[in-house]
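A.B. asks: What follows is a structure written as structure tokens; I'll ask about it next.
Protein chains: 2
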Amino acid sequence: MTNSETEPLRPVVWHAHNPPQRVPGTVRYLDQTRLPGEVVYIETDQLDELCRAIRELQVRGAPAIGITAAMALAANLQHGPDETAELMQQLELSAEKLAATRPTAVNLFWALERMRRRGKECRLLPPESFKEELALEACRIRDEDAATCVAIGRHGAALLKDGDTVLTHCNAGALATAETGTALAPVYQAHTDGKRIAVIADETRPLLQGARLTAWELIRGDIEVTLICDNMAAQVMREGRVNAVFTGADRIAANGDTANKIGTYGLALLANAHKVPFYICAPFSTIDMQTPDGSQIPIEQRAPEEVTAFAGARTAPEGVKVYNPAFDVTPAALISAIVTEHGIIRGDLKSGIAAARQ
Amino acid sequence: MTNSETEPLRPVVWHAHNPPQRVPGTVRYLDQTRLPGEVVYIETDQLDELCRAIRELQVRGAPAIGITAAMALAANLQHGPDETAELMQQLELSAEKLAATRPTAVNLFWALERMRRRGKECRLLPPESFKEELALEACRIRDEDAATCVAIGRHGAALLKDGDTVLTHCNAGALATAETGTALAPVYQAHTDGKRIAVIADETRPLLQGARLTAWELIRGDIEVTLICDNMAAQVMREGRVNAVFTGADRIAANGDTANKIGTYGLALLANAHKVPFYICAPFSTIDMQTPDGSQIPIEQRAPEEVTAFAGARTAPEGVKVYNPAFDVTPAALISAIVTEHGIIRGDLKSGIAAARQ
């Protein structure tokens with residue numbers, strides 16, 4: 062890793078073995094659990110391996126999870142029978158398995174549904190064409206997400222001026238998406254535009270995505286980054302060091318309430334107390350019109366060991382109880398604006414979201 | 062460690078070798094950097110070793126630091142010359158060394174000043190009596206702190222009712238004081254009084270005093286404790302799980318502004334946003350009348366490695382900048398009350414503090 066590295070960071074891609082044919086192909090992903098120490102890409106076409114990669118956070122970030130799930134469906138079909146009707150059944154069964162990996166991110170369900178729909182559209186094709194079309198659809202999901210990141214970056218960069226410092230939580234950067242991220246896309250874009258932008262990264266306990274991933278990709282992108290512990294955010298705001306908070310989202314309800322990494326809600330309260338604008342950056346597909354408000358969003362509870370041990374060393378006494386929700390919900394009232402690929406939604410988020418869907 | 066353990070937890074004591082004589086004696090302290098894995102007591106009369114114990118947080122917590130510093134002065138005098146005037150000089154030099162170990166905790170300076178004063182009072186005594194009197198004074202500081210903890214516990218317990226859950230940050234328990242703690246003293250007292258009290262402990266990054274120390278001593282004391290990451294505090298408050306926040310203090314300014322472990326200020330903001338009362342528990346000696354308000358309190362900055370590595374494993378990329386303040390200052394307006402050994406100071410804290418000093 063050097064600052065002169067200029068290859069875009071692509072955490073999940075489809076590796077076609079005989080291009081321009083998409084099939085046969087494999088899914089190539091960066092194992093994010095080994096960052097920042099090791100940069101290791103894994104290549105596989107096995108469904109179980111890809112389910113585990115999502116469940117165990119080797120791939121994480123709502124958009125990247127959706128891309129990986131779509132590619133996992135396509136990769137798995139390659140091992141399928143020579144009968145399109147049976148391939149359709151296999152697609153359904155695989156989609157159910159993938160849907161069970163992470164409960165909160167709506168992009169996962171959105172991507173699976175899109176692949177199912179494409180399957181139905183292609184149900185009269187011969188099996189080989191069916192497999193090819195589904196692989197192509199998975200690649201389209203990735204490419205569209207890359208374009209979405211660029212568009213979010215353009216809209217969001219308008220909120221930043223030369224010399225600004227952005228505070229961010231968790232990782233909603235290139236590593237969470239197809240390419241440049243959601244929350245970090247405006248930072249990368251503003252940097253490309255020649256503005257001097259610095260980032261303060263919350264380390265984001267318990268899994269330290271801010272320390273391990275956000276700091277890593279920003280240094281790789283030659284952007285100034287300062288790491289803090291989550292509990293220092295109020296202090297850096299009070300010292301006037303933060304011009305705006307940008308985070309991603311795992312699911313946005315129809316009224317604008319937003320589920321994101323645990324700690325986001327507290328950060329939004331602190332930003333409001335210090336009159337720092339608080340922006341959510343997310344693809345429009347993160348908005349779930351089936352969920353009227355945040356109270357309807359299921360919150361994943363994760364294992365106590367994420368909190369009680371680190372790098373194999375125990376940090377808390379045996380027998381201690383742990384509460385470890387992976388997400389929280391930030392009420393729409395605390396959100397200054399939602400930055401999507403279609404533009405910025407401000408003011409009353411519920412009407413703004415409804416209007417943007419027209 | 063078992064729940065049936067009934068010995069009071071005493072993190073720092075003077076071990077007199079020929080009681081009732083205090084001299085010769087050694088300082089016996091629990092090495093808190095090895096908790097919760099190992100319970101190791103260290104015994105020494107060496108000034109440098111005790112300075113290091115304070116600087117490297119083997120002993121931590123404002124009252125425990127004061128006690129250790131006083132005992133370190135007394136222990137060091139035992140190696141001193143046979144001339145009281147020279148012992149006085151040695152006392153001064155040692156006090157300067159100890160004062161340089163930690164800049165924020167006022168109890169440290171308070172304890173050193175009290176030992177200096179006692180030295181002046183005893184300046185006409187023969188050297189052996191001088192040493193004995195100074196050791197006795199250090200022991201009095203410890204015993205008075207133990208009594209202070211009990212009194213804080215009695216006053217604070219009145220704020221708790223059966224079934225309440227207290228959220229606390231860092232460790233202001235027995236391990237931070239002579240015996241039962243400041244913030245945790247009301248919990249222990251209410252438990253002794255037969256109330257069912259549960260505690261939610263913030264893990265308290267970067268050094269995890271909540272996970273390592275608070276959880277350990279509460280389990281030892283048979284009190285129900287649930288560990289969370291710092292960034293989960295807003296969520297547990299929002300879920301209505303917290304009836305009160307209790308923390309300790311490293312220094313309280315004359316107007317009530319309070320320096321405490323980094324994260325306390327943010328927690329106070331979150332408590333206020335959720336209408337959860339926020340209490341500071343501290344010995345009266347923590348109030349520094351020489352400091353008119355919080356802007357005058359120096360904030361110790363600690364090493365980046367506390368944030369970028371854990372248990373020998375690197376958690377952030379090489380070259381990342383780190384901001385690592387050890388403390389923050391909570392404005393008086395966010396504090397519901399200060400619980401001291403003399404009673405509870407409420408309302409306008411500045412007048413309350415002034416009145417309590419009468």
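As you go down the protein sequences, you meet chains A and B in turn. Residue numbers for the first sequence follow our numbering, so the first one is 62 and each next one is one higher. Residue numbers for the second sequence follow our numbering, so the first one is 62 and each next one is one higher. Glycine is no exception: its CB is placed at the ideal position from the N, C-alpha and C atoms. Keep in mind that this is a model prediction, so the values were computed, not measured.
Compute the distance between the beta-carbons of Leu274/B and Leu96/B, then report whether it is under 8 Å.
C.D. replies: Within the second sequence, numbered from 1, the residue matching residue 274/B stands at position 213. Within the second sequence, numbered from 1, the residue matching residue 96/B stands at position 35. Taking 8 Å as the Cβ cut-off, Leu274/B and Leu96/B qualify as a contacting pair.
A.B. asks: Taking the CB atoms as reference points, tell me whether Ala130/B and Ile115/B lie closer together than 8 Å.
C.D. replies: Position 69 of the second sequence holds residue 130/B. Position 54 of the second sequence holds residue 115/B. Taking 8 Å as the Cβ cut-off, Ala130/B and Ile115/B qualify as a contacting pair.
A.B. asks: Less than 8 Å between CB atoms is the rule here; does Asn292/A satisfy it with respect to chain B?
C.D. replies: What you label residue 292/A is simply residue 231 of the first sequence in a count that begins at 1. For Asn292/A, the answer is yes, since a Cβ of chain B falls inside 8 Å of its Cβ.
A.B. asks: With distances taken between CB atoms, is the gap from Ile280/A to Thr243/A smaller than 8 Å?
C.D. replies: As a working mapping, residue 280/A is identified with position 219 in the first sequence. As a working mapping, residue 243/A is identified with position 182 in the first sequence. Cβ atoms of Ile280/A and Thr243/A: not closer than 8 Å.
A.B. asks: Give the C-beta separation of Glu361/B and Ala387/B to the nearest angstrom, bearing in mind that I take them to be a contact with Cβ-Cβ under 8 Å.
C.D. replies: The residue labelled residue 361/B in the question sits at position 300 within the second sequence. The residue labelled residue 387/B in the question sits at position 326 within the second sequence. Sure, about 4 Å apart at Cβ, within 8 Å.
A.B. asks: Counting C-beta neighbours from all protein chains within 10 Å, is the total for Arg184/B 16 or more, i.e. buried, or is it exposed?
C.D. replies: Residue 184/B sits at position 123 when you count from the first residue of the second sequence. The residue in question, Arg184/B, is exposed, as its Cβ has fewer than 16 Cβ neighbours within 10 Å.
A.B. asks: Enumerated in chain order, which unbroken segments of the alpha helix (DSSP H) with a length of 4 residues or greater are wholly contained in the segment 255–320 of chain B?
C.D. replies: Runs of the alpha helix (DSSP H) inside the segment 255–320 of chain B: 276–281, 294–299.
A.B. asks: Between Leu197/A and the rest of its own chain, which residues show a CB-CB distance below 6 Å, the 5 nearest in sequence each way excluded?
C.D. replies: On the first sequence, position 136 is the one that residue 197/A refers to. Once the five neighbours on either side are set aside, the close Cβ partners of Leu197/A are Arg83.
A.B. asks: Am I right that Asp349/A and Ile313/A are in contact with their C-beta atoms under 8 Å? What's the rounded C-beta distance?
C.D. replies: Locating residue 349/A in the first sequence gives position 288, counting from the first residue. Locating residue 313/A in the first sequence gives position 252, counting from the first residue. Indeed, because the Cβ distance is near 7 Å, the residues count as touching under 8 Å.
A.B. asks: So, helix, strand or coil for Leu70/B, using DSSP?
C.D. replies: Taking the first residue of the second sequence as 1, we reach residue 70/B at position 9. Of the three classes helix, strand and coil, the one that applies to Leu70/B here is coil, per DSSP.
A.B. asks: State buried or exposed for Gly122/A, treating a residue as buried only when at least 16 other CB atoms are found within 10 Å of its CB.
C.D. replies: For the purposes of this step, residue 122/A is taken as the residue at position 61 of the first sequence. By the neighbour-count rule (16 or more Cβ atoms within 10 Å), Gly122/A is buried.
A.B. asks: Quick check: what's the CA-CA separation for Glu147/B versus Ala77/B?
C.D. replies: Within the second sequence, the letter at position 86 stands for residue 147/B. Within the second sequence, the letter at position 16 stands for residue 77/B. Rounded to whole angstroms, Glu147/B to Ala77/B spans 24 Å at the Cα level.
A.B. asks: Taking Asn292/B and Gly324/A to be in contact with their CB atoms under 8 Å, please state how far apart those CB atoms are, rounded to whole angstroms.
C.D. replies: For the purposes of this step, residue 292/B is taken as residue 231 along the second sequence, with counting starting at 1. For the purposes of this step, residue 324/A is taken as residue 263 along the first sequence, with counting starting at 1. Confirmed, Cβ separation roughly 3 Å.
A.B. asks: For a contact defined as C-beta to C-beta under 7 Å, what are the partners of Phe371/B on chain A?
C.D. replies: As a first step, residue 371/B must be located in the second sequence, where it is residue number 310. Residues of chain A passing the Cβ test: Phe371, Ala372.
A.B. asks: Tell me whether the beta-carbon of Thr238/B lies closer than 8 Å to the beta-carbon of Tyr249/B.
C.D. replies: For the purposes of this step, residue 238/B is identified with residue 177 of the second sequence, where counting begins at 1. For the purposes of this step, residue 249/B is identified with residue 188 of the second sequence, where counting begins at 1. It is not a contact, given that the beta carbons lie outside the stated cut-off.
A.B. asks: Give a yes or no on whether the C-beta atoms belonging to Pro423/A and Glu144/A are separated by under 8 Å.
C.D. replies: Look at the range of chain A in this structure, 62 to 419, and you will see that residue 423/A is not part of it.
A.B. asks: Looking at the strands, I want to know which residues DSSP matches up with Cys342/B.
C.D. replies: Against the second sequence, residue 342/B aligns to sequence position 281. Note: Cys342/B sits in a beta bridge opposite Val400/B.
A.B. asks: Determine, using beta carbons only, whether Ile341/B and Ala315/B come nearer to each other than 8 Å.
C.D. replies: Indexing the second sequence from 1 puts residue 341/B at position 280. Indexing the second sequence from 1 puts residue 315/B at position 254. No, Cβ-Cβ distance for Ile341/B and Ala315/B is not below 8 Å.
A.B. asks: Excluding the 5 residues preceding and the 5 following Asp92/A in the sequence, name in chain order all residues of the same chain whose CB lies nearer than 7 Å to its CB.
C.D. replies: For the purposes of this step, residue 92/A is identified with residue 31 of the first sequence, where counting begins at 1. Excluding positions up to five away in sequence, the list reads Val101, Ile103, Gln119.
A.B. asks: Specify the secondary structure class of Asp225/A as computed by DSSP and reduced to three states.
C.D. replies: In the first sequence, residue 225/A corresponds to position 164, counting from 1. It is coil, neither helix nor strand.
A.B. asks: Take Ala377/A and list the residues in its own chain whose beta-carbon comes closer than 6 Å to its own, dropping the five residues that flank it on each side.
C.D. replies: Here residue 377/A refers to the residue found at position 316 of the first sequence. The answer, listed in chain order, is Thr369.
A.B. asks: What did DSSP end up calling Ala370/A once you bin it into helix, strand or coil?
C.D. replies: Working through the first sequence from its first residue, we reach residue 370/A at position 309. Ala370/A: strand per DSSP, three-state reduction.
A.B. asks: Would you verify that the beta carbon of Val167/B is, or is not, closer than 8 Å to some beta carbon of chain A?
C.D. replies: Counted from its first residue, the second sequence places residue 167/B at position 106. So no, Val167/B is outside the interface.
A.B. asks: DSSP three-state call for Leu53/B: helix, strand or coil?
C.D. replies: Given that chain B is displayed from residue 62 to residue 419, the structure contains no residue 53/B and the question cannot be resolved.
A.B. asks: Have a look at Ala172/A, Thr105/A, Glu68/A and flag the residue whose alpha-carbon is nearest the alpha-carbon of Gln139/A.
C.D. replies: The residue given as residue 139/A occupies position 78 in the first sequence. Among Ala172/A, Thr105/A, Glu68/A, the Cα nearest to that of Gln139/A is on Thr105/A.
A.B. asks: Pull out every residue of the segment 299–312 of chain B whose Cβ sits closer than 8 Å to any Cβ of chain A, in chain order.
C.D. replies: Listed by position, the residues of the segment 299–312 of chain B near chain A (Cβ gap below 8 Å) are Arg299.
A.B. asks: In chain B, which residues lie with their C-beta within 8 Å of the C-beta of Arg375/A?
C.D. replies: In the first sequence, residue 375/A corresponds to position 314, counting from 1. Chain B residues near Arg375/A: Pro97, Gly98.
A.B. asks: Does any C-beta atom of chain A lie closer than 8 Å to the C-beta of Arg383/B?
C.D. replies: As a position in the second sequence, residue 383/B is number 322, starting the count at 1. The sequence shown places Val at residue 383/B, not Arg. So yes, Val383/B belongs to the interface.
A.B. asks: With DSSP run on the structure shown, which of helix, strand or coil describes Thr325/B?
C.D. replies: If you number the second sequence from 1, residue 325/B lands on position 264. Note: Thr325/B maps to helix in three-state DSSP.
A.B. asks: May I ask you to list the residues that DSSP assigns as paired with Pro386/A?
C.D. replies: In the first sequence, the residue the question calls residue 386/A occupies position 325. Paired residue(s): Gln362/A.
A.B. asks: Which same chain residues end up closer than 6 Å to Arg407/B when comparing Cβ atoms and leaving out the 5 residues on each side of it in sequence?
C.D. replies: Numbered from its first residue, the second sequence carries residue 407/B at position 346. Here the set comprises Ala398.
A.B. asks: Please identify, using Cβ separations under 8 Å, the residues of the segment 239–255 of chain B that lie next to chain A, in order along the chain.
C.D. replies: Listed by position, the residues of the segment 239–255 of chain B near chain A (Cβ gap below 8 Å) amount to none.
A.B. asks: List the residues that DSSP assigns as beta-bridge partners of Glu104/A.
C.D. replies: Working through the first sequence from its first residue, we reach residue 104/A at position 43. Partner(s): Arg89/A.
A.B. asks: Trp75/A bridges to which residues according to DSSP?
C.D. replies: Residue mapping note: residue 75/A aligns to position 14 of the first sequence, counting from 1. Looking at the DSSP assignment, Trp75/A forms a beta bridge with Val88/A.
A.B. asks: Give the interface partners of Leu330/B over in chain A, defined as CB-CB distance under 8 Å, in chain order.
C.D. replies: Working through the second sequence from its first residue, we reach residue 330/B at position 269. Ordered by position in chain A, the residues that pass the 8 Å Cβ test against Leu330/B are Ala295, Leu330, Leu331, Ala334.
A.B. asks: Buried or exposed for Asp206/B, please, with buried defined as at least 16 other CB atoms from any protein chain shown within 10 angstroms of its CB.
C.D. replies: In the second sequence, the residue the question calls residue 206/B occupies position 145. Buried, by the Cβ-count rule.
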